[in-house]
Each structure stands twice: as structure tokens, then as C-alpha cells.
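**Q** Submitted below is the structure of interest, expressed as C-alpha cells.
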Amino acid sequence: MRRNRRIRYPGTRHGLSEAISGYLFVLPAALVLAVFGLFPLLYNLYISLFNWHIKRATFIGLGNYKEIFGGLEPFALLAISTILITAGCALVGKKRKLLVRLLALALLACGATCLAFGLPQINSSGDPDMLRSFRVTLWYSLGTVPVQLFFGFLVAVALDGKFDGKQTFRVIYLLPYIVPAVATAAVFERLFSLRPESWANQILALFGSHPLQWLREYKGVLELLFGLAPTHGVGPLSDYWSTWAAGPSLSLVSIMIYNYWVFIGYYALIFSNGLAAIPRQLYEAASLDGARSFTMLRRITLPLLSPTTYFLTILGIIGTFKSFNSIYVLRDPSTGGATDPMSVYVFFQFFHGGRFGYAAALSMVLLVIVVGLTLIQERSMGKRVFYEQ
Amino acid sequence: MRGRVYRYFGAFLLLTMTTVVALGAQAFDRLNLKGTVITYWYQHTQGREVALKKMIDRFNATNQWGITVKGEYAGGYSDIVNKMTAGIAGGNTPDLVVAYQNESAIYEQSDALVDLNPYVADQKFGISKDELTDYFPGFLAQDINPQFGNKRLGWPPNRSIEMLYYNADWLKALGIAAPPKTWDEFYEDAKKATNSAKGTYGYAISLDASNVFALVIGRGGDFQSPGGSGYSLDTPQLRASFAFFQKLLKDGYAKKIAEQYGEQTDFANQKVLFTMSSTSGIPFYDAAVQKGAKGAFAWSVAPIPYTTAKPVLDIYGASVSIVKSTPERQLASWLFLRWMSEPTQQAEWTRVSNYFPVRRSTAAQLGDYLAKNAQFAAAWKALQMGDQKAEPPFAGYDQVRDSISAAYNAVLDGADIDSTIAALNAKANKIFRETKP
Amino acid sequence: MPRQPLPTVLRYLALGIGAFGALLPFAYMIANALKTYAETVTRINPNPFSPAFWPAVPQWSNFAEVWLGDAFGHYFLNSFIISLATLCGSLATSSLAAYAFAKLRFPGKETIFSIFLLTLMVPETVTLIPNFLVISALGWTDRLAGLTVPFLASAFYIFFLRQFFKQIPDSLLENARMDGASNLRILWSIVAPIAQAPLSTVAFLDIASSWNSLQWPLVVVQTPRWRPITVGLARLISEEGPQIQLRMAGALISLAPVVLVYLVAQHQIVDSLSTSGIKE
Chain X
5 MRRNRRIRYP GTRHGLSEAI SGYLFVLPAA LVLAVFGLFP LLYNLYISLF
55 NWHIKRATFI GLGNYKEIFG GLEPFALLAI STILITAGCA LVGKKRKLLV
105 RLLALALLAC GATCLAFGLP QINSSGDPDM LRSFRVTLWY SLGTVPVQLF
155 FGFLVAVALD GKFDGKQTFR VIYLLPYIVP AVATAAVFER LFSLRPESWA
205 NQILALFGSH PLQWLREYKG VLELLFGLAP THGVGPLSDY WSTWAAGPSL
255 SLVSIMIYNY WVFIGYYALI FSNGLAAIPR QLYEAASLDG ARSFTMLRRI
305 TLPLLSPTTY FLTILGIIGT FKSFNSIYVL RDPSTGGATD PMSVYVFFQF
355 FHGGRFGYAA ALSMVLLVIV VGLTLIQERS MGKRVFYEQ
Chain L
9 MRGRVYRYFG AFLLLTMTTV VALGAQAFDR LNLKGTVITY WYQHTQGREV
59 ALKKMIDRFN ATNQWGITVK GEYAGGYSDI VNKMTAGIAG GNTPDLVVAY
109 QNESAIYEQS DALVDLNPYV ADQKFGISKD ELTDYFPGFL AQDINPQFGN
159 KRLGWPPNRS IEMLYYNADW LKALGIAAPP KTWDEFYEDA KKATNSAKGT
209 YGYAISLDAS NVFALVIGRG GDFQSPGGSG YSLDTPQLRA SFAFFQKLLK
259 DGYAKKIAEQ YGEQTDFANQ KVLFTMSSTS GIPFYDAAVQ KGAKGAFAWS
309 VAPIPYTTAK PVLDIYGASV SIVKSTPERQ LASWLFLRWM SEPTQQAEWT
359 RVSNYFPVRR STAAQLGDYL AKNAQFAAAW KALQMGDQKA EPPFAGYDQV
409 RDSISAAYNA VLDGADIDST IAALNAKANK IFRETKP
Chain G
622 MPRQPLPTVL RYLALGIGAF GALLPFAYMI ANALKTYAET VTRINPNPFS
672 PAFWPAVPQW SNFAEVWLGD AFGHYFLNSF IISLATLCGS LATSSLAAYA
722 FAKLRFPGKE TIFSIFLLTL MVPETVTLIP NFLVISALGW TDRLAGLTVP
772 FLASAFYIFF LRQFFKQIPD SLLENARMDG ASNLRILWSI VAPIAQAPLS
822 TVAFLDIASS WNSLQWPLVV VQTPRWRPIT VGLARLISEE GPQIQLRMAG
872 ALISLAPVVL VYLVAQHQIV DSLSTSGIKE
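Structural data, given as C-alpha cells:
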């Protein structure tokens, strides 16, 4: 009997040709990304080691980074706390022995303490504006990604299935994303006007509240609601951490609301793709077995949607950390940096101060933070992604 | 023997000096400009751009040196900064570029611009001392940058002034004879105008740093330390200005501006008596008032209240900088700038742009324009009789502007003035140190 | 979705409320686009249901003023060409790479993918100048290549498509391979038809992104030759003034083509009824 020459054997010529195919397929994208994605990164790293003014430069090694962190000690505290917390998280899984888990808790406690002392030190000897912009970025990310995921999912679910007007609704939800931000931001600025008759204030009036300053308000929402004002002169730890306790500023929250309006349709679009990939037959079989809508949602939809959810969460966080335009169009200088995330701060250092080297160092720090966050997500969520086979 | 050495030495010295002087005087003279093409990046759009292009065509057709200028829209002010920064990095720069003084400071940190002083002083191609007196002195002083050894990094094509806009009819109805000259008068006028039943109030508070500067110089202060060695914001003048408006707001006679251009809205709807803004806003205010929903009324502009002997006006505007390239192109660029500042061109530009010209004698050619545009004429009068001061030209000043707005906003919300201003001063000087060339 | 669809009333109610929220700001845009300048300043009433919100006399001429204020036909064509060119390249590079990451085996695959992801974390401020340096060095300033080549690949689309391709059963591809099909052929004839929905989504997102990009063209474009519509619209806003009616009219004009593209592409973004062949 003649052997079928087309049967695959790993490690043979066929395996090699598959590898070659793989590389060839990846090559075009790799070329473009290498030149226009990686080269800027390396160029940026290079510049961050200089005192660079567009063209003139003096080599200062880690000088820019020293300026950001305020010296070796604050940076060391930060690094140690990161290591301790990471180690603690890695060891605290449910399947471990009790002793290991106690150790993990101890590591976490130490790490948290180092962090609690490290950040105020960076604030006083390093770059407090950078720290504030980091806080703004974190608030922004925490405030937008979960909300957009949740409502995007709801909208996608509502748009699933056949019914009249489906495509019209789809377009309506996507319109905010398509229109240029400069135009929609101008509209939202009016909606959030300080006048008592503006939409935002009218809605507040329904709840019996007096008009607020929205985009001009630099005080945090928690400060406004519960009086958690930042302390002054109580002590470095309290002074610094109380600024976190005040919460995101109302102006930042207004910008978040703007971004909900822009991005929920976009998230819904991507979720819709994920929903469309789930075969009907599964639902039919389940309903034949008597399952209710909510059970099917939990047992079928959510797990099979996990590749999309995973994708959107990672890209949501990356996107919000580097997001520039959708915040820049509404930022207000009178808020004293409460609407300036790291990307905007870096931009100002680049173009308003001409401090290229310093701006480059700042963006490297931002990059490390984003990479760290992505790795964390990948570790915690990556395993639960279910690729249907 | 020694005498001969001295004689030879003397002759040699004389010859050298003559050569040097001759070379210096003819350094520009030797350049052949025929066929030189230069590019000009500007931010003007619509009607202004059309007029500018016409003027450029006229220059190209009539200039005696054979220079050709190519004008190019390069975006808004901040877009031009992006483009210019990228251009300097990538070796792709224009010859002439519009830039605010702190922006040109950033370019000069990379040694990208030409010092215009030698060109101004040149015997043949410069501007004579007599002609220089025709320029408003404050306008020319603005482009001298102490951070770079007093180099002149730009030349002003036009300027704007921060002034007080007031509703003249309303003032009359309130029994007030003239716009306020002192802060006490301002306070009283704002108080009279406020009527919460009708929803009217005295002043719409602008948080813009240029406005704060106008307040401070009207009290005899400044933002920078003498000699340009840094910022000096912890001054009694700034404290007094902040205190005044903190009180005005608390007493209910002023309100913060509700949204972008909200002060224009309230002014045109006759809800607010006073606003403070740039004279470049005059045509927009005019359009809103004349065709507004509440009907037209008489209004004008006046100097912002002052405690000094004469009003001190805050003048600002972008200048045009020349980028380093070849001596021919640099000289050609300068000649174009010089041509643009001749009274004929200045008059033409003023008519179309509503900006202020930089030379006093331009008024002679603007008689009809001044007659038709009452507010512009009022501002012109103020310019003639007042002094002018300009904001700091330091690199990084944009960030300080943001800090000033933030401090003002905090004070209006009730923050302690002394500590806020002290913190502001520290921050501004930190930025100064960080962005020094 | 479940055999029992969401109760129709509930679905329409939820969608309706959301749509209302999505559209309300557009009421502002349309109202402002049709006002005179003076009206945008003085006639401002926040309530869209009161006549004072809308212009006294709709100024349709604002649209004409925007369109005729400049060579918008030419700018439209430029934007169209730029978007189309970027789209073709983007789809090609992204599907090839996504397929390789999802279905092929080659050493270093995960590392390369991680490096691709790294490019997503670089903010625009950082890439502007190095990219401009490269474009300048290649002599592509003010040329189509300068406006398209940097955007011919995106790790976002690659990641997105990879997630979908991963869900395609290997058995399907095995059969094809046994029949002697090359990977390219498999991608073209089998994977692409199944992945119509994600591919169309990528197409739509890419076009929306190219169409609305402003910062990069402003830096790269020097003459009106390749000026896209975003730059043309930016020129309509006076550097001094608040002419919001022109800005809104311009935004609405530039919105139209993207919506059209979506409506055309949406026929491809179908329900799961089309996922035949995945599971029997």
C-alpha cells in the first residue's frame, strides 16, 4: 500500500515548512511594526538618557529617572514593594499550603508598607506632578474600563438576535465614536456648563443638589460627597495618601462620562463580534434541556465570550493608560492637573517645555507600568479564557 | 628701527580694521538673493489667509531682489509647535514660522532660530533709528529674550491687547458716566449691575493667565524678576488682584465663566456688564451683539482699571521667527518681514485681521477704518496714551500659565491667598529652572 | 442568543433609552450647525424640546460655506484614497499575522506576539517625532506613502483577529491541509469567509481611524496635494474665534462617509446564523 505522502509528521519537512510559513506570514506586519512601533520605543529609551533639547544633547545617564523618583531610596522602596506584592500574590492561591499562604500574606503586608512610605517620598523628593498624573491615569482607567465593559456587554446582548431596526440602533450607538472628538467635546463642554440650566446641573437638581462646577472642579468626588478633604501639614504620609482618599476630581469624572458616551458603542461592537461567534446550536440544545435565559447567559455566553472579554480588558487598560485625545479635548488648566493623565503630562513636557529627555524618561516609566499591568491581567485572566474547539 | 616696526604694525592694524569693518558692513550686501525661495508657516485661515496670500503674491511680484515667498497653512498655534518640533528634529523646517515668544524660546534651545538684531541694525537692509521710534516700544521689546543673551528671536507682524469690554447703554442706565478707572469704581459698578431677580451680574471672571497679567501690571507689578532671572509671582499686586476678585465673587457681583465663550454669551444677552478679553475678539462680540437675540446695544472697550499714573496695557501676539538656514534665505526672510511691517502693508493687514498694527503711523492710512469701528478706535486711543508690558518670554511659560489659572481658580473657591501664591511662585520658578536652556 | 429572545418590550426599552442618550448631543450638533454665529452665542437653551434650542431659521448655507470654503471635493478624495490604501494594507498584514499566531506553529511565536503587543503601549506623543524622522529620511513627507505606511499594521487588529481565528476548529483546517491546500489558500478560502464579522469590524475601525486622524497629517502634509479632510476642516476654524456653527457643520459633513461605509459593511457583520461550518 502506498504511504500517503500528505500525512503530517512533526519535526519533518512539513513542520519546517509550517514554521517558514509562520515567519513569512508575520513578516509584513513585523516590518511595519518594527519601524513605526519599536523604533520609536528604542529611540525614546535612547533619548531618556540625555538632557535633550530637540537636537542639542548632553549625556546624563539615569539623571532624568533620578529626577522623576527623587533618588535611589524612593525608587528602591518602590521596586521592593512591587516585588513583595507580586510574590505575595503569586503565592496566595487557594491550592497552596496554609504556611505558604501565611507567608504570602506577610509579603503582601510588607510590600504594602513599603509602598505606603515610598510614594510620599517620591512626592516630596521626586516629581509630584508625575505622581499626580499617575493617580489621574489610574482613576481614569478604573473609572472607565469596568463601566464600558459592563454597558458595552449589555448593549451587545440587547442588539443580539433578529429584530426590526437592529442595524439602525447599531449605527446610533457607533455614531459617538465616529464623530471627531473636537466636535463632540465642544458639545459636552456646553452640557457640563456651570450654569444652573445646563443638562448636568438640571439632572443634579432632580436629586435635590445645587449646581456644581463640573469641568472646573478640582476637588475630588469623595471630598465633595463625604468631606474627605486632603490634609495639609498633618504629616507626609497623611498629606499624601489623603489626596488618594479624595477620589477622582469632579472634572475628571465629567471627562469619564464623556468617554462613556464615546466608547460604549465601540465596546458593544467588539462584544457583538464575540457573541456572533457563539453557535446557535448551543442555545437551542440548552433551551431544549429547559435552561432559562439567565442560566444560559452564565453558563454559555460568558465563558464563550471570554476571549473577547479578555481582549477588551487588556486593550481597555492599555488604551486608557495611553489615552490622550479624548481627555485632552476637555482638560481644563484651572483644575491644576486634575485632568492631566500621564500622557498629557508627557505631551506638555515634550512640546511646552522642550524637555525631550525628561519626557522620554517619563514615557518609559509609563511603559513599564502598562507592561506590568498587562502582565498582571494576563496572569490572572489569561488562564480562564476559553477557546472553543 | 623701532619706528619702522610701529609704522608697519600700525598700517597692518589699520588694514585689518578696515577690512573687518568693510566685511561687516557688506556681509549682507554680498549675498545674491535672486531666485531665493522661502517658505512661511502660518496659522491664518479663511479671510485672513486669503488676504495674506494676496500680499505675498504682491511681494513676490514687486520686490527688487527676486525673492519668492511660499506661504503655507501649518495648523493652529499648538499644531505648528508640533510640526516645528518634528521639523527641527527631522531637518524639515520652513524659513519663517509664527511663534509665541515662549515657543520660539523652545526652538532656540536647539539653536534653531536667527537673532534678528544684526538685521535690524544693518545699514542697508535694516531699519533706521528714526523709523524704529514709529514702532510701539513695548511691541519691539517683547521679542528680546533674556534667557538667550537678549537675542531678538522674532518680529511682530501685529498685536492684540487685553481690555475691559463694557455695555455702554447699561452704564448710562445705571447713571455711570464712564467705564471704571479704579478698582473701587469697578467694584461699585459691578454691584450696581447685579440683580439676582433679573439674573444680571457685574463681571464674568476670566481665569486666563493673560488676564491675570493685565490685572497685575495695572497695579504696577510684573510676572518676571528684573533682568529675566526668573518668575516673581509672590507680589503684593498679585495678592491684591486675587483678593479683589475673591471678594467680588463672594459678594455675588461676579460669576465664573460658565462655559467656553460664556462671557460673550452673557454680554450679548445683556446679562453681564463687564468682561475682559483680547481685542481680537471685537469682531466676534460685534457680530453677537448686533445680531443677537436681545437686540443691539452700544458697547466699547476701555483699559482695565489701574493704580499707576497711566494705564499699563497687556499686549500679546505671536511673532514671526526666522529659522537658521543659508545666509541668502535668512536675509530674504528678513526682507519679507520688513516689508510686512511697512505702513501700507500694516494698514491692509489690520483691515482684514482686526489685529493691531505695530507702527503708530499706520493710523494715517486707517482713518475710515477707525471711523467705522468704534471699539477698535477706542482701543487704539488707549494704546496711544498708555504704557505696554509683555508676559515673560521664557521657555516653559505655557506650563506656568496653567499653574496661574489653577491658583486663581483655587483662590476663587476660597483657598488661602498667601499660601496659594507662595506655592505658585515656587512652582513657577521650579519650571523656570527645569526648562532653562 | 437564547431561543427565547429577550422580551421584546424590554429590549426596545433598553435600546431606546440608550439610543436617546447617544443621540442627544447630536441634537446639539445639528442645532448649532444650523444657527448663525450670533445665534450660537445668544440663543442657547439647553432643552431640545423647546423651540429656543433650535435656530430661528435653519442656516443650511453653513454646510455650503464649509464645503465651498475650500477644495473639499479634493480633500474628500484624498481622505478616501488614504483610508482605502491603509485599509488594504492593514487587513492584509493583520489577517496574515493573526492567522500565523492562531494556527501555525513556529518557534518564538509567543515572544514575537508579546513584542507586537509592546508597540500598543507606546503613546502617540512618543511616536510622533521618531516616525517623522523615518518618514523624512525616506523622503516621504507630503507623499501618500508618508500618510499610509506607518499605519499598515496594528497590533490591535492582530490581537483582535487572533482571538477569533483561535476559535476556529483545527479539524476544519486539517481537512483542507490533507487536500493539499497551502496556508495562504486556507486563509483565503476557509478562514476569511468564516471570519467575515471580525474582518468587517477591523475594516470599519480602521477606516474610522484613518478618516479622523488629524495630528499626523498636519505634521506630514505640506501642500494641499494630499491634504485630508480633517486638516481642511481645521482650517475653517478661525484661530481666534469660536465659530462653533462651522465646526459642527464640518463635523457632520465628515461624519457622513464613515456612516455610509458602516452601512455597507454591516451587511457583513451578521448574526451567528452565518456561522455555518463551525459545528455540526
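Protein chains in written order, with this note's numbering: chain X, 5 to 393; chain L, 9 to 445; chain G, 622 to 901.
Yeah, the Cβ is synthetic: ideal placement off N, Cα and C, and Gly gets one too.
#1: Going by DSSP, name the residue or residues bridged to L/S427.
#2: Examine the Cβ distances between the segment 684-701 of chain G and the segment 842-860 of chain G and report whether three or more of them are shorter than 8 angstroms.
#3: Since L/V328 and L/V105 are thought to touch, with beta carbons under 8 angstroms apart, how far apart are those beta carbons, to the nearest angstrom?
#4: Counting only Cβ-Cβ distances shorter than 8 angstroms, please list the residues of the segment 264-282 of chain L near chain G, keeping chain order.
#5: L/D274 by DSSP, collapsed to three states: which one?
#6: DSSP beta-bridge partners for L/G79?
#7: Could you list which residues in chain L have their beta carbon closer than 9 angstroms to that of X/E193, in chain order?
#8: Straight-line CA distance for L/R66 to L/I75?
#9: Under 9 angstroms Cβ-Cβ, which residues of chain X neighbour G/T851?
#10: Buried or exposed for X/Y391, please, with buried defined as at least 16 other CB atoms from any protein chain shown within 10 angstroms of its CB.
#11: Please specify which runs of the alpha helix (DSSP H), each continuous and at least 4 residues long, are wholly inside the segment 64-145 of chain X, giving them in chain order.
#12: With a cut-off of 8 angstroms on the beta carbons, I'd call L/A212 and L/D259 a contact; round off their distance for me.
#13: Who pairs with L/K264 in a beta bridge, going by DSSP?
#14: Excluding the 5 residues flanking G/Q680 on each side, which residues of the same chain have their C-beta closer than 6 angstroms to its C-beta?
#15: G/R726 touches chain X at which residues, Cβ-Cβ below 8 angstroms?
#16: Using a Cβ-Cβ distance cut-off of 8 angstroms, determine whether L/A418 contacts chain X.
#17: Could you tell me whether the Cβ of L/T358 comes closer than 8 angstroms to any Cβ of chain G?
#18: Would you check if the segment 98-117 of chain X and the segment 309-329 of chain X touch, i.e. whether three or more CB-CB distances between them fall below 8 angstroms?
#19: For L/Q298, is the classification buried or exposed, using 16 other Cβ atoms within 10 angstroms of its Cβ as the cut-off for buried?
#20: What residue does the alpha helix (DSSP H) around G/W837 start on, and which one ends it?
#21: Using a Cβ-Cβ cut-off of 8 angstroms (strictly less than) and excluding sequence neighbours within five positions of X/R6, which residues of its own chain qualify?
#22: Can you tell me the Cβ-Cβ gap for X/K326 and G/P744, rounded? I've got them flagged as a contact below 8 angstroms.
#23: With distances taken Cα to Cα, identify the nearest neighbour of L/A266 among X/N205, X/I24 and X/W56.
#24: When the Cα atoms are used, what is the spatial distance from X/L31 to G/F737?
#25: Which residues of chain L have a Cβ atom closer than 8 angstroms to the Cβ of G/G690, listed in chain order?
#26: I'd like to know if L/E80 contacts chain G, where contact means its C-beta is closer than 8 angstroms to some C-beta of that chain.
#27: Assuming X/V389 and X/I322 form a contact by the criterion Cβ under 8 angstroms, report the distance between their Cβ atoms to the nearest whole angstrom.
#28: Do L/V408 and L/I439 count as a contact pair if the criterion is CB distance below 8 angstroms?
#29: Do X/Y262 and X/L334 have their C-beta atoms within less than 8 angstroms of each other?
#30: Which same chain residues end up closer than 6 angstroms to L/A467 when comparing Cβ atoms and leaving out the 5 residues on each side of it in sequence?
#31: My understanding is that L/Y50 touches L/A82, with C-beta atoms under 8 angstroms, so please give their C-beta distance in whole angstroms.
#32: I'd like to check one pair, L/G162 with L/D151: are the Cβ atoms closer than 8 angstroms?
#33: Assuming G/Q788 is part of the alpha helix (DSSP H), what are its boundary residues?
#34: For G/E660, which residues from the same chain have a beta carbon less than 6 angstroms from its beta carbon, with the 5 sequence-adjacent residues on both sides left out?
#35: Does any residue of chain L bring its CB to less than 8 angstroms from the CB of G/R868?
#36: On the CB-based measure, 16 or more other CB atoms within 10 Å of its CB, does X/K387 come out buried or exposed?
**A** Working from what's here:
#1: DSSP lists no partner for L/S427.
#2: yes
#3: 7 angstroms
#4: Q268, Y269, Q272, T273, A276 and N277
#5: helix
#6: L/Y48
#7: E267 and Q268
#8: 11 angstroms
#9: P184
#10: exposed
#11: 67-73, 76-95 and 102-129
#12: About 15 angstroms; that fails the 8 angstroms criterion.
#13: L/I213
#14: L655 and T657
#15: G19, E22, A23 and G26
#16: yes
#17: no
#18: no
#19: exposed
#20: Q836 to V841
#21: Low per-residue confidence applies at X/R6: pLDDT is 48, beneath 50, and the placement is therefore not dependable, though the value from the model is reported in the following sentence. Cβ neighbours of X/R6 beyond the five flanking positions: none.
#22: 4 angstroms
#23: X/N205
#24: 12 angstroms
#25: Q54
#26: yes
#27: That pair is no contact at about 17 angstroms.
#28: yes
#29: yes
#30: Because chain L spans 9 through 445 in this model, residue 467 of chain L falls outside it and cannot be assessed.
#31: 7 angstroms
#32: yes
#33: Run containing G/Q788: none; DSSP gives neither H nor E here.
#34: P676
#35: no
#36: exposed
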